[in-house]
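Presented below is the structure to which this report refers.
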Amino acid sequence: MSDVDLAVSRSRRHTARWAAISLGVVLLLFVAVLATRKSAADKQAESPLLGKQAPSLTGSGLDGSQVSLASMHGKWVVLNFMASWCVPCREEHPELVKFTQRHQVADDATVLGVIFDDTQPNVRRFFSELGGSWPVVDDPGGHTALDFGVRGPPESFLVDPNGFVVWKGIGQVNADGLDKLLRQGKARGA
Amino acid sequence: MNATLGTAGVWLGLFGALVGVVTLGFGLYRRDDKLLEAGRKYTWVIVAGAVLGVVAMESALLGHDFSLKYVAENGSRQTPLLFTITGMWSALEGSILLWAIVLAGYLAVMVHHFRTRATDPLVGWATLTVFVVAGFFFALMAGPANPFRVIHGAIPTNGPGPNPLLQNHPLVAFHPPMLYLGYVGFTIPFAFAVAALVTGRLGEGWLVETRRWTLFAWGFLTIGIILGAWWSYEVLGWGGYWAWDPVENASFIPWLTATAYLHSVMVQERRGMLRIWNLSLLLATFSLTILGTFLTRSGVLESVHSFTESPIGPWILTFFGLVVFTAVGLIAWRGDRLRSPGSIDSPVSREGAFLANNLLFSAFCFVVLLGTVFPLLAEALNGDRLSVGGPYFNRMTTPIVIALLFLMAIAPVLPWRKASEEVLRKRLFWPAWTATIVVVLCVVTGLRGLAPLAAFWLGTFAAGSAVRQLVLSARRQGWRGLIGRANGGMVVHIGVVLVAVAFAASHAYGHTHEFRLAPGQSAHLSGHTVTYLGSSTVKASNKTSVTAQVRVDGGKVYAPAIQQFPFATQAIGSPSVKSSLGDDVYLTLAAAPDHPGGTAVIGVIVQPLIMWLWIGGAVIAVGTALAAWPGRRRRPTAPVSAPVEVETPEAPPEPVGVTS
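This is the structure:
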């Protein structure tokens with residue numbers, strides 16, 4: 000190797016190392032950014048209904064009586080679109096039971112189920128199997144689901160005591176998460 | 000029963016991978032040939048685990064075993080047989096299972112191929128690396144993405160079936176497996192790159208071996224991407240085939256780095272240069288497949304392909320971090336010692352062209368990657384929620400594609416080391432004049448627009464240059480002149496030109512219109528006549544469809560439809576397409592009539608040359624097969640100490656590494 004070659008090779012000796020290390024730092028930052036992103040589904044789902052009065056909702060309940068959202072004025076309502084064939088609904092159900100039990104005494108919040116593409120007998124069986132005693136509205140023709148822009152169960156909306164939609168969630172909810180939303184809502188002075 | 004069998008398979012695979020890693024690790028540490036021999040045998044345990052898992056899953060799907068959560072969510076009694084079988088990859092857990100079986104298959108072929116060299120530490124390290132990757136995917140199935148989770152409580156009697164979009168076209172049976180064969184196939188070259196860095200042996204023939212593995216994976220990925228475009232064209236009903244959606248980009252980004260590698264590896268074989276760069280490309284390709292899986296499966300990005308949401312995000316991100324850490328660490332540790340001597344003599348040479356090709360592909364990769372993750376970066380920096388759409392990608396990538404087409408025309412005729420102006424002028428004479436004549440003809444027949452005409456000129460130029468090479472080679476060697484790397488590569492180039500020209504033409508000269516038509520009424524668009532005849536409603540057990548009958552150009556009747564699946568509010572449009580070599584008439588039923596005999600809205604899209612996209616894809620597949628075809632003299636599976644044979648007889652033997 001000539002002197003010139005040696006000089007060149009010495010100056011280039013660590014190029015690969017430095018390139019690799021700087022790339023490594025950039026990638027580390029990138030991974031950190033990715034790691035701190037919330038899932039798109041965890042973020043509050045977009046809905047044109049947010050902050051607006053909830054569309055009117057009436058229908059026949061599982062026991063044949065007339066149920067309406069308006070009659071629940073003054074309470075927080077978790078509007079839950081569900082079906083007995085939907086596995087996530089089945090998994091979410093015990094959380095809703097827990098949620099209603101926590102608020103049974105204070106009577107400040109309740110759940111209102113809406114049947115999504117399913118029949119009343121199926122849902123009746125579902126409730127007798129998994130518990131829960133909140134009202135469930137039938138939605139033949141899916142008009143309520145259309146009004147609320149629901150694409151597939153489970154989807155839930157939180158309606159404040161004045162009847163305004165304050166939150167929409169796609170996928171399963173849990174009791175703690177709902178309580179957190181409720182606390183935030185109350186703190187905002189709803 | 001199925002759950003037990005499947006879970007047993009998953010744990011068997013995980014066990015095989017872990018014990019294999021430990022055995023090989025010890026064998027490599029102690030330089031114990033017996034342990035290395037024993038370690039590779041765990042491959043068959045992994046294969047058995049994956050096969051058991053797939054058999055259990057398919058048996059559960061076909062037997063409607065709704066006690067499995069996966070079957071209860073993705074199966075139904077009404078779903079036709081084909082889509083019940085493809086149900087295995089209709090959701091996340093099942094597609095991880097598909098990943099595992101494809102990886103197990105590649106691993107088996109690799110271990111079998113290198114069976115006589117199992118005691119070579121380089122092969123040992125490569126096998127160990129694949130074991131680690133396999134272990135990760137089995138661990139995913141044993142943990143957060145368990146496909147064999149059972150339902151507690153009452154077992155449902157029926158399920159909703161796969162996502163409606165995934166039970167609408169038979170291509171669902173081919174597109175995902177092809178894509179996975181490509182995606183997962185990059186694990187093998189990655190493993191050899193890691194092994195070469197760890198052992199410090201870059202100068203030997205391992206790279207010639209991995210080139211073919213990469214070529215196979217690349218070929219499958221290409222077919223997978225084109226089938227995906229075809230599927231979205233036939234199913235989604237918007238008349239397009241590529242939308243720069245995050246999931247499409249996730250498959251395209253590794254394709255770009257792999258394409259770069261397939262070109263630059265030739266410089267290493269011929270001139271011994273760019274070693275670290277080539278290794279980096281292999282490492283990057285695999286890392287990018289994992290990153291793509293994270294982006295599309297963790298739900299951080301919103302995509303039309305997000306058929307599933309899942310908790311596996313942190314797992315995949317951790318694995319990505321591990322892969323990147325390993326890759327960067329190895330390069331930092333070994334890179335400078337393994338650098339090759341020599342430099343490029345002249346930029347106007349074959350190696351200069353490959354270098355330019357690599358710069359362009361890297362830029363392409365960066366542009367697409369940046370566009371894909373930009374919403375995440377922007378949100379992290381200032382909390383903005385935005386999305387990056389087609390205009391960004393089209394504007395940024397068009398110049399790169401044009402430059403690549405130009406290189407594609409020039410590079411094949413460039414000699415190695417240095418080219419003279421005279422050689423270039425002589426060799427490019429016919430391709431350039433053919434291209435010019437084609438463009439003049441286009442202008443004479445009334446085609447306008449700078450971008451498409453530039454694409455036609457460059458496309459014909461590149462195709463002409465490829466055809467020239469093939470003709471020369473065939474004249475010299477007869478039909479054998481079409482096989483081998485360089486000539487197969489030219490066939491691939493022709494396929495790529497077809498795709499590029501079809502892309503440019505369909506984007507520039509497409510026409511879209513919606514017509515409200517009463518039965519018997521006709522409409523005209525770009526020289527085609529569309530007559531609405533009427534519509535009918537059919538209720539089948541798994542879907543209800545409204546079908547319109549539309550006669551095109553007074554000939555055959557086509558039937559675009561809207562389908563409603565039970566358990567899904569989404570109505571799925573089923574387009575119907577009249578395809579021909581010249582142009583496609585794409586029909587959709589935009590709005591069904593309100594009452595029998597009422598008016599319907601028919602969407603009509605006329606786009607030229609669409610069929611050449613699929614033909615181009617087929618040509619690329621044929622070219623890849625020709626390029627991967629074993630040469631006349633097969634390399635014996637000789638022990639590594641034997642002299643390394645080089646593929647092309649006239650090539651100088653590869654320089655030995657400068658490790659010592």
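Order-wise, the sequence lines are chains A and B. In terms of numbering that gives the first Met the number 0, the first sequence is residues 0 to 189. In terms of numbering that gives the first Met the number 0, the second sequence is residues 0 to 659. Idealized CB from N, CA, C, for every residue including glycine. Since this is a predicted model, take the numbers as computed values, not measurements.
Name the two residues that bound the continuous beta strand (DSSP E) containing B:ARG550.
Here residue 550 of chain B refers to the residue found at position 551 of the second sequence. B:ARG550 -> beta strand (DSSP E) spans 543-551.
Heavy atom of the ligand ZN within 7 Å of B:ALA547 beta-carbon:
Of the ligands one can find in the structure shown there are none, so the ligand ZN has no counterpart to examine.
Under 7 Å by beta carbon: chain B residues contacting A:ILE20
What you label residue 20 of chain A is simply residue 21 of the first sequence in a count that begins at 1. In chain order: ALA331.
In three-state DSSP terms, what is B:TYR557?
Looking up residue 557 of chain B in the second sequence gives position 558. In this structure, B:TYR557 counts as strand in the three-state DSSP scheme.
Is it buried or exposed for B:TRP276, if we count other Cβ within 10 angstroms and need 16 for buried?
Sequence index remark: in the second sequence, residue 276 of chain B carries index 277 (1-based). B:TRP276 counts as buried, since no fewer than 16 other beta carbons sit within 10 angstroms of its beta carbon.
Along chain B, in chain order, which residues have C-beta atoms closer than 8 Å to that of A:THR35?
Within the first sequence, residue 35 of chain A is the residue found at index 36, counting from 1. By Cβ distance, chain B contributes ALA379.
Below 7 Å CB to CB, which residues in the same chain sit around A:VAL122 once its five sequence neighbours on both sides are set aside?
Residue numbering aside, residue 122 of chain A sits at position 123 when the first sequence is read from its first letter. Closer than 7 Å at the Cβ level, and outside the excluded window around A:VAL122, lie LEU61, SER83, ILE114, VAL135.
Name the residues in the stretch 46-77 of chain B whose C-beta lies less than 7 Å from a C-beta of chain E; which are they?
Considering every chain present, this structure includes no chain E. Its protein chains are A and B.
Scan the stretch 519-545 of chain B for residues whose Cβ lies nearer than 8 Å to a Cβ of chain A and list them as they occur along the chain.
The residues in question: there are none.
Against chain B, does A:GLU94 count as a neighbour if the rule is that its beta carbon must be under 8 Å from one of theirs?
Here residue 94 of chain A refers to the residue found at position 95 when the first sequence is read from its first residue. By this cut-off, A:GLU94 is not an interface position.
Indicate the three-state DSSP secondary structure (helix, strand or coil) for B:PRO607 in the structure shown.
Residue mapping note: residue 607 of chain B aligns to position 608 of the second sequence, counting from 1. Per DSSP, reduced to three states, the secondary structure at B:PRO607 is strand.
Start-end ranges of the alpha helix (DSSP H) lying completely within the stretch 94-150 of chain A, minimum 4 residues:
Fully enclosed alpha helix (DSSP H) runs of 4 or longer: 119-129, 142-147.
Tell me which residues share the same chain as B:GLY533 and place their Cβ nearer than 7 Å to its Cβ, disregarding the 5 neighbours each side in the sequence.
To locate residue 533 of chain B, count along the second sequence from 1; it is residue 534. Excluding sequence positions up to five before and after B:GLY533, its CB lies within less than 7 Å of the CB of PRO518, GLN548, all in the same chain and listed in chain order.
Based on Cα-Cα distance, which residue from B:THR396, B:LEU406, B:PHE365, B:GLY388 lies nearest to B:LEU354?
Position 355 of the second sequence, counted from the first residue, corresponds to residue 354 of chain B. Answer by Cα proximity: B:LEU406.
In terms of DSSP beta bridges, what is B:ASP582 paired with?
Against the second sequence, residue 582 of chain B aligns to sequence position 583. Note: B:ASP582 is bridge-paired with B:PRO607 in the DSSP secondary-structure output.
To the nearest whole angstrom, what separates the beta carbons of B:GLY38 and B:THR128, a pair I think is in contact under 8 Å?
Taking the first residue of the second sequence as position 1, residue 38 of chain B is located at position 39. Taking the first residue of the second sequence as position 1, residue 128 of chain B is located at position 129. No, B:GLY38 and B:THR128 are not in contact; Cβ-Cβ is about 12 Å, not under 8 Å.
Minimum Cβ-Cβ distance from B:ILE399 to chain A less than 8 Å
As a first step, residue 399 of chain B is located in the second sequence; it is residue number 400 there, counting from the start. So, not an interface residue.
With 8 Å as the threshold, decide whether the Cβ of B:GLY236 is near any Cβ in chain A.
Here the question's residue 236 of chain B lines up with position 237 in the second sequence. No, B:GLY236 does not count as interfacial toward chain A.
From the beta carbon of A:ALA15, is the nearest beta carbon of chain B less than 8 Å away?
Residue mapping note: residue 15 of chain A aligns to position 16 of the first sequence, counting from 1. Chain B, which has a Cβ nearer than 8 Å to the Cβ of A:ALA15, makes this yes.
Using a cut-off of 8 Å between C-beta atoms, extract the partners of A:TRP84 located in chain B.
Position 85 of the first sequence holds residue 84 of chain A. Within chain B, the residues near A:TRP84 are PRO155, ASN157, GLY158, PRO159, PHE566.
Cβ of A:GLY168 within 8 Å of any chain B Cβ
Your numbering for residue 168 of chain A matches position 169 in the first sequence. Closer than 8 Å: no.
For chain A, is any of its Cβ atoms less than 8 Å away from the one on B:VAL655?
On the second sequence, residue 655 of chain B is found 656 positions in, with the first residue counted as 1. Annotation note: pLDDT 37 at B:VAL655 (below 50); position unreliable, coordinate value reported separately. For B:VAL655, the answer is no, since every Cβ of chain A falls outside 8 Å of its Cβ.
Is B:ALA172 near B:LEU261, with beta carbons less than 8 Å apart?
Taking the first residue of the second sequence as 1, we reach residue 172 of chain B at position 173. Taking the first residue of the second sequence as 1, we reach residue 261 of chain B at position 262. No, Cβ-Cβ distance for B:ALA172 and B:LEU261 is not below 8 Å.
May I have the straight-line CA-CA distance separating B:SER505 from B:ARG447, to the nearest angstrom?
Walking along the second sequence from the start, residue 505 of chain B turns up at place 506. Walking along the second sequence from the start, residue 447 of chain B turns up at place 448. The alpha-carbon atoms of B:SER505 and B:ARG447 are separated by roughly 13 Å.
Keeping to the same chain, check which residues put their C-beta closer than 7 Å to that of A:ASP41; ignore five residues upstream and five downstream.
For this step, residue 41 of chain A is matched to residue 42 along the first sequence. With a pLDDT of 49 at A:ASP41, under the threshold of 50, the modelled position of this residue cannot be trusted; read the value that follows with caution. Once the five neighbours on either side are set aside, A:ASP41 has no close Cβ partner at all.
Check whether the Cβ atoms of B:GLY181 and B:SER75 lie closer than 8 Å to each other.
Position 182 of the second sequence, counted from the start, is the residue given in the question as residue 181 of chain B. Position 76 of the second sequence, counted from the start, is the residue given in the question as residue 75 of chain B. No; because the gap between Cβ atoms is not below 8 Å, this pair is not in contact.
At the 8 Å Cβ level, is B:ARG550 part of the contact set with chain A, yes or no?
The residue given as residue 550 of chain B occupies position 551 in the second sequence. Chain A contact via Cβ: absent.
What is the rounded straight-line gap between the Cα of B:ASP32 and the Cα of B:VAL21?
One-based indexing of the second sequence puts residue 32 of chain B at position 33. One-based indexing of the second sequence puts residue 21 of chain B at position 22. Looking at the two C-alpha atoms, the distance is approximately 14 Å.
Pick helix, strand or coil for A:PHE80, following the three-state DSSP scheme.
Position 81 of the first sequence, counted from the start, is the residue given in the question as residue 80 of chain A. Under the three-state reduction of DSSP, A:PHE80 is assigned to strand.
Residues near B:LEU282 in its chain [Cβ-Cβ closer than 7 Å; skip 5 each side]:
One-based indexing of the second sequence puts residue 282 of chain B at position 283. Closer than 7 Å at Cβ, skipping near neighbours: PHE189, ALA192, ALA326.
How far does the alpha helix (DSSP H) with B:TRP229 in it extend, from its first residue to its last?
The sequence position of residue 229 of chain B within the second sequence is 230, counting from 1. Annotation for B:TRP229: the continuous alpha helix (DSSP H) segment containing it runs 205-234.
Close-in-space but distant-in-sequence residues of the same chain around A:LEU68 (CB under 8 Å, 5 per side omitted):
Taking the first residue of the first sequence as position 1, residue 68 of chain A is located at position 69. Excluding residues within five positions, the ones whose Cβ falls inside 8 Å are ALA53, SER55, LEU56, THR57, VAL76, LEU78, LEU111, VAL158, GLY162.
Quickly, what does DSSP pair A:VAL158 with across the bridge? List them, please.
For the purposes of this step, residue 158 of chain A is identified with residue 159 of the first sequence, where counting begins at 1. Looking at the DSSP assignment, A:VAL158 forms a beta bridge with A:VAL76, A:VAL164.
Extent of the continuous beta strand (DSSP E) to which B:ILE571 belongs:
Position 572 of the second sequence, counting from 1, holds the residue named residue 571 of chain B. Unbroken beta strand (DSSP E) run through B:ILE571: 570-573.
Which bits of chain B does A:GLU194 rub up against, with CB to CB less than 7 Å?
Since the displayed chain A opens at 0 and closes at 189, residue 194 of chain A lies outside it and no answer follows.
So, is B:THR307 buried or exposed, given that buried needs 16 or more other C-beta atoms within 10 angstroms?
Your numbering for residue 307 of chain B matches position 308 in the second sequence. Because the pLDDT at B:THR307 is just 46, under 50, the model does not fix this residue reliably, and the value given afterwards should be weighed accordingly. Counting the other Cβ atoms within 10 Å of the Cβ of B:THR307 gives 16 or more, which makes it buried.
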